[in-house]
Structures are given as C-alpha cells and as structure tokens.
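Step one of this worksheet: look at the structure below.
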Amino acid sequence: MHEASNLVLERRFSSAIAEVHAKLLTGPWQVSILTTPQLRRYRNRGFQHGWRLVIPHGEGTLDFDVLVTEHFPHQPPRISLATLQRFLVWPHVEEDGVLCLLSSEATINSARPGEVTLSLLQDALQLVLESEIGNNQQDFRNEFTTYWGRKCPEQCIPVWSLLSPDQESRLIPFWSGKEFCLIGESTEQLEHWLNNATKKRISGSREYRQGILLPLPQLPCPKDFPKNGRDLIACIEQSNAKHLIESIHQEGLEGYLAVLAGKTPTGTAFGGVIARVQEKLRYPAERRGGSIIDGFRPGKAPKEVVQSQIKSSLSISLTTVERADALWIHGRGSDPKVKTLQSSTIAILGCGSIGSHLAFLLAEAGVGKLVLCDPEPLKWANVGRHALASDSVGTSKAKSLATTLKNSYPSSVGFDGYCKTWEGLASSMPEKLLTCDLLIAATGNWTTEASLNAWRKTADFRQPLLYCWAEAFAAAGHAIAIFPDDGCLQCGFSPLGLPKLSVTSWSEKTILQEAGCDTSFQPYGPIALSHIVSLAAELALDCLLGSVCESTERIWCGNKRLAKDNGGTWSEEWKSLVGDREQGSFTQELPWVPDKNCLECSFI
C-alpha cells in the first residue's frame, strides 16, 4: 500500500514538472534545467528540480531560478534571484535570493501547476520592478521585526519586553540572564514576572540595570540600521532622548540596552541594541592605561567632549526584542477586550475537573487575577481529567494550579491558591471573595453551593455568581449566571437539590463508588467534559465584558450517542423544550426565571 501511494505521488510530480516545463518554453526568456550543483546552492531547502530563466530586462538580463520540492504541485514553486545579491537591499528577498511571494496561509490550485508558476513569475517581476525604483521600501518598515532579526547575530541573547506599546522615550530597567533579557516599566514589574516564571529560565542574579526606550518617528530600513555608536547616538537624538542617555553616561555605566520602537500597521515593533563602552571613562589621575578624555580634571570635561568621546568609544550589537506583555500574549495587541479582562478578578471555588480546566481557559483568555479555592490534594484518580498532571499528585489542587498558571502566564496580575473550603476562605479572608468581579462555583456539590447561595445575600455580594456542573457521563452540562436581585440558585432546584430541568434521564444509578468511605464519583471523560468547561468559560467572559447583564442559564446538550451508550436518554422536560433536535450537540440559552415561591429569596 505504501509503495503504491509513493508511485501515485511520483507520477503526479512528474506530470506537474512536464506541465511547468511546457509552459516555461512558451515565455519570452531562455530556459534551462538546473544542474545538481546549481540546486546545491539552496541548502536545506529540499529542492528536487528547477529551471533557470534568463529574461531580457532593461539593457541587460535578469536571471530567475524556478524551484520545486518533492511536495510539488501541492506545495507552490519558489522563485529566486539567481545571480543578484539583494538580501536586505530589497524587501521580500531571503539570504539565498529566494523571494517571499506568498504568505504561509496562501493556497494554490495544485491542478494547474503551470498557471501557478507563470503567475508567481509575474509577481516576481513586479517585485523586482518596484524594488529597483524604491517603491516598496515601506515594506521593510511594515515587517520591521523580521528584517531586524536577520541582522542580529545568530547567538544573540533575545530580549523579552513587558513594555507598554506607547510612544514615549524614557529610561527603562532591564534584567539580563544567561538565556534572555527582560525589560519592563519598573523593577517591581520585572521582579513580579521573574518570581512567576519557572526557575529554570531565570538563572542569574537579580541585578537590574538601566536601559533606554527610543520611540522613532519612522522605523529604519535595513540600510539605516545602526552600525556603530555614532549611528545609535543619532537614533537617540532623533527620539529627543539625548538628556536620558547623558544621565546614563553620568552614572558611569560601561554599557546599556537601547530599545528602538516604532509604529507598524499591526502594532508597535521593537529592536534591541546592546551598547558597550570600549574603554571606561577614566581620568588621567585614575587610569593605568590610556584615557579617552585626557586633559580634563575629574568632572570638568565639557558635555560636548564627553558625548563626542562616547560616540567614538561605543561598540554595538543588535538583538531581537519580542513582546511578552499581556496585551500581546492575549490577542497580539489587537483585542480591545484584553484590557478589561486583565483588570478583572474571578474566584473559582472548587478546582476539580471542571474548575481546574476553567482556570486554565480563563487565564489563557487574559483574565488577570484568579482566586483559586479548594481544600483537597490532587490524587492519582484525578489526573485523567484534571488540568494538573502527575507531578502535582499529593499537593494542594488550588496552590499547585496557581503556581502552574503563574509559570505559564508570568505577566498576570496575580493567581492565588488557597487550600481551604470556600467557607473557610470567606471567614478568614472575606475580602478575597468580596472584591471579585465574578464568583464561579464548580464544586458539583449541592450542599456547598446552596450554602454559597445563602451567603451571597447575607454578605451583600453585588456581582454575578456563576454555577456550573455536569450531568452524568458529561452527556450534558449547565452554566448559570445569577445577578443580584434577579433570582437565586434555589429558584431552579427542589429543596433537596434536584434541578427542575435536567437534559438526561437514567434508568439506573450513575454515581459510582471507590473502595473507600465517601469516595463517590461521576464517570465521565475529559473530551465530553471539555464542552461544558467551554460553556462555563464563555458565560464567565460574557459576564465580565457586559454581554450578559441578567440571570441566564446556558445548557450544553451532548451527542445523543453518549447518553445512549451509557444507558441514558433525553428527559421528557428537555424534549418538550427543544423539539426535534434529537441528535444533540448544541447549546441552549434560557433566562433564569426567579421563583416567586422560593424560600431562599424570601429571606431578608
């Protein structure tokens, strides 16, 4: 079977090669097939076949190579400048001359390889024409981080940025480790990030140094990237930051980090410059070797002389700067909702199979602060459907979850775990709950959640409270957001905690028991559960962002087969509500209607 499949692919490849060759012979150029030595020029590209085109161009010729891999025609051909060296001179030209004509998301018609090739050749010719007259230099600026990175040394230490993407020159602190540098708005911000990050990545001391942010009116093209100290000083003067760099030099620093910043159509881009003073500024009385400011007593050298000597004594190297701030991580700087989420606080009461995955989703979505509460340790029986893994067995679910989330999202405002019941947390640290924008109950225990329902009124908690749980085998799930003065949890339940509306009906008991006391559990798997977690997470975000402002229930009805295979069916109440949607796999939204006879609501 494998050999037959390879034979089909080989025939398809040969047919496509023949079609392209025939098309190329019809063009206004000379065509020759590339030799093996010519193909070797493109190392690590995997090109299996190619053609050299010599095209009349102006008063001379232009040579293109058309190149294909073994995955052709499903993978598009590449066009290369065969004899011209235009890397970082023209945009969209790689180191070996191959042109970037299609984005990685582009699709092609693999059934028409000849037409695809001719179309790409037209694009290549257009790129050359625009490059020759300089019409596309702005492309360098629009894709600044890519071209800046190509000029950086291969072994440069990357810079990770927590900076706000605004346009104001200022001094910035940075921390330098063995694997990366970290820059931010304050030493407190850097300390917070480093404390959250995994210890493996933060080798080195916690010494913070001064750098400088240089917002430029226009990002430079590669030909204008700084090459020496004088070029860097010119960038500093261009960003009106001369006074800042003078203060750094007056501190006697031997080197510093300068970060160039500028606007692109897709947000702020950064480039790093590591500047080092080749010889420390020493005065004759103190030096053992030559001084770069001879003839002046200590502190008496004019500023102009100092700056001139600094310009000539600086050596620089470029380095990459990658944004690691929350606005970039959660939405690439293009999602306006992230600012609201970052300033929001959610408490998750119950960090089991639903609560733990819910915490991960909300943190990943950009919620800045989570209060995680659960009194139990993680057990081996939990691992198969819990967000934590086996390395957390025996530890507090809530505390380990908080630590893991801090490691994953070190720029978060704060993830705190408490190995307590929610009642214990409310008693010992009530402010942890009362200052939240949303409380989520994911305990799956009626007694616990009925108690929380009663507390809400006595504590005068005026924010929404979200309850979520799974029905048997996670064949269905519920997420209910209840707003103040708009009903309560008890309105939808019997006095014994039975929901007035269930999706499923079971002929036999669905709760199973381990070989121990008080070790019952609901049998369901992580895939079925994922729909319910997403249901609750989406409703939580809608509450925070103001999309839902009144008490609402959302119900996930899973695939009918899941209930049927485990001995269940849809309840009569559910069937009368949703009609002929027997197959399931949908979400139903309902208003959470207050019950005028609810005893809990009647208490003052």
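First residue of the sequence shown: 136, per the working numbering; consecutive thereafter. For every residue, glycine included, the Cβ atom is placed at its ideal position computed from N, Cα and C. All figures in this text were calculated on a predicted structure; none of them were measured in a lab.
Beta carbon of L253 nearer than 8 Å to that of L234: Along the sequence shown, one-based indexing puts residue 253 at 118. Along the sequence shown, one-based indexing puts residue 234 at 99. Not in contact: L253 and L234 (Cβ atoms no closer than 8 Å).
Could I get the ranges of all uninterrupted beta strand (DSSP E) runs contained in the region 447-481, with 3 residues as the minimum, in chain order? 449-458
How far does the beta strand (DSSP E) with L676 in it reach, from first residue to last? Taking the sequence shown and counting its residues from 1, one reaches residue 676 at position 541. Where L676 is concerned, there is no enclosing beta strand (DSSP E), although the alpha helix (DSSP H) it sits in stretches over 661-680.
Is it the case that the Cβ atoms of I575 and V638 are separated by a distance below 8 Å? The residue given as residue 575 occupies position 440 in the sequence shown. The residue given as residue 638 occupies position 503 in the sequence shown. The answer is no: Cβ separation not under 8 Å.
Out of curiosity, what's the CA-to-CA distance linking A241 and D258? For this step, residue 241 is matched to residue 106 along the sequence shown. For this step, residue 258 is matched to residue 123 along the sequence shown. Rounded to whole angstroms, A241 to D258 spans 14 Å at the Cα level.
Distance check for N331 and G552, CA to CA, integer angstroms please. Translated into the one-based positions of the sequence shown, residue 552 becomes position 417. Translated into the one-based positions of the sequence shown, residue 331 becomes position 196. Between G552 and N331, the C-alpha separation is close to 13 Å.
Limits of the unbroken beta strand (DSSP E) element including N740: There is no way to answer for residue 740, as the model of the chain reaches only from 136 to 739.
Give me the Cβ distance between A522 and L536, rounded to the nearest whole Å; I'm assuming they're in contact under 8 Å. To locate residue 522, count along the sequence shown from 1; it is residue 387. To locate residue 536, count along the sequence shown from 1; it is residue 401. Confirmed, about 7 Å.
I need the boundaries of the beta strand (DSSP E) containing F182, first residue and last residue. In the sequence shown, the residue the question calls residue 182 occupies position 47. Here the beta strand (DSSP E) through F182 covers 182-192.
Just the C-alpha distance for R276 and A607, rounded to the nearest angstrom, thanks. Residue 276 sits at position 141 when you count from the first residue of the sequence shown. Residue 607 sits at position 472 when you count from the first residue of the sequence shown. Going by the C-alpha atoms only, they are around 56 Å apart.
Quick one: grab the DSSP three-state call for W164. Numbered from its first residue, the sequence shown carries residue 164 at position 29. Note: W164 maps to coil in three-state DSSP.
Taking 8 Å as the limit between beta carbons, can you name the residues of its chain near G503, skipping five residues before and five after? Working through the sequence shown from its first residue, we reach residue 503 at position 368. Hits under 8 Å: A461, L476, Q477, S478, S479, T480, S547, V548, G549.
DSSP three-state assignment for F495, whether helix, strand or coil: On the sequence shown, position 360 is the one that residue 495 refers to. If DSSP states are grouped into helix, strand and coil, F495 belongs with the helices.
DSSP three-state assignment for I646, whether helix, strand or coil: Residue numbering aside, residue 646 sits at position 511 when the sequence shown is read from its first letter. DSSP places I646 in coil when its eight states are reduced to three.
Would L624 pass as a contact of A585 if the rule is Cβ separation under 8 Å? What you label residue 624 is simply residue 489 of the sequence shown in a count that begins at 1. What you label residue 585 is simply residue 450 of the sequence shown in a count that begins at 1. Contact flag set, yes.
Neighbourhood of P211 by C-beta, 8 Å cutoff - its chain only, sequence neighbours within 5 removed: The residue labelled residue 211 in the question sits at position 76 within the sequence shown. Counting only Cβ-Cβ distances below 8 Å, and skipping sequence neighbours, we find L237, A241, I243, V251, L255.
Take A600 as the anchor and find which of A616, N363, T593 has the nearest alpha-carbon. Within the sequence shown, the letter at position 465 stands for residue 600. Note that residue 600 is Leu in the sequence shown, not Ala. Minimum Cα distance to L600 is reached at A616.
Report yes or no: do the region 399-411 and the region 446-458 share at least 3 C-beta pairs separated by less than 8 Å? yes
The region 353-370 touching the region 318-328, judged by at least three CB pairs closer than 8 Å: no
Pull up the distance between the alpha-carbon of R458 and that of W283, whole angstroms please. Along the sequence shown, one-based indexing puts residue 458 at 323. Along the sequence shown, one-based indexing puts residue 283 at 148. One C-alpha to the other measures close to 14 Å.
For S488 and T399, the rounded distance between their alpha carbons: By 1-based counting over the sequence shown, the position of residue 399 is 264. By 1-based counting over the sequence shown, the position of residue 488 is 353. Those two C-alpha atoms are separated by around 43 Å.
Using the three-state DSSP reduction, which class does Y282 fall into: helix, strand or coil? As a first step, residue 282 is located in the sequence shown; it is residue number 147 there, counting from the start. Three-state DSSP puts Y282 in a helix.
Answer with buried or exposed for I662, where buried requires no fewer than 16 other C-beta atoms within 10 angstroms of its C-beta. Translated into the one-based positions of the sequence shown, residue 662 becomes position 527. Per the 10 Å Cβ criterion, exposed.
Would you mind sorting R99 into buried or exposed? The rule is 16 or more other CB atoms within 10 Å of its CB. Here the chain covers residues 136 to 739 and nothing more, so residue 99 does not appear.
Taking 7 Å as the limit between beta carbons, can you name the residues of its chain near T322, skipping five residues before and five after? Your numbering for residue 322 matches position 187 in the sequence shown. Once the five neighbours on either side are set aside, the close Cβ partners of T322 are P308, Y343.
Where DSSP assigns a beta bridge to V203, which residues make up the other side? For this step, residue 203 is matched to residue 68 along the sequence shown. Looking at the DSSP assignment, V203 forms a beta bridge with H184.
Span separating the alpha-carbon of D700 from that of R520: The residue given as residue 700 occupies position 565 in the sequence shown. The residue given as residue 520 occupies position 385 in the sequence shown. Going by C-alpha positions, D700 is about 20 Å away from R520.
With which residues is E724 paired in a DSSP beta bridge? In the sequence shown, the residue the question calls residue 724 occupies position 589. Bridge partners of E724: R689.
Can you say whether V728 is buried or exposed, counting buried as having 16 or more other CB atoms within 10 angstroms of its CB? Locating residue 728 in the sequence shown gives position 593, counting from the first residue. Label assigned to V728: exposed.
By alpha-carbon positions, which one of Q220, A671, E724, E381 ends up nearest to T687? Mapped onto the sequence shown, residue 687 falls at position 552. Comparing Cα-Cα distances from T687 to each of Q220, A671, E724, E381, the minimum goes to E724.
Ignoring anything shorter than 3 residues or poking outside the region 505-556, list the beta strand (DSSP E) runs there in chain order. Taken in chain order, the unbroken stretches of beta strand (DSSP E) that lie wholly in the region 505-556 and span 3 residues or more are 549-553.
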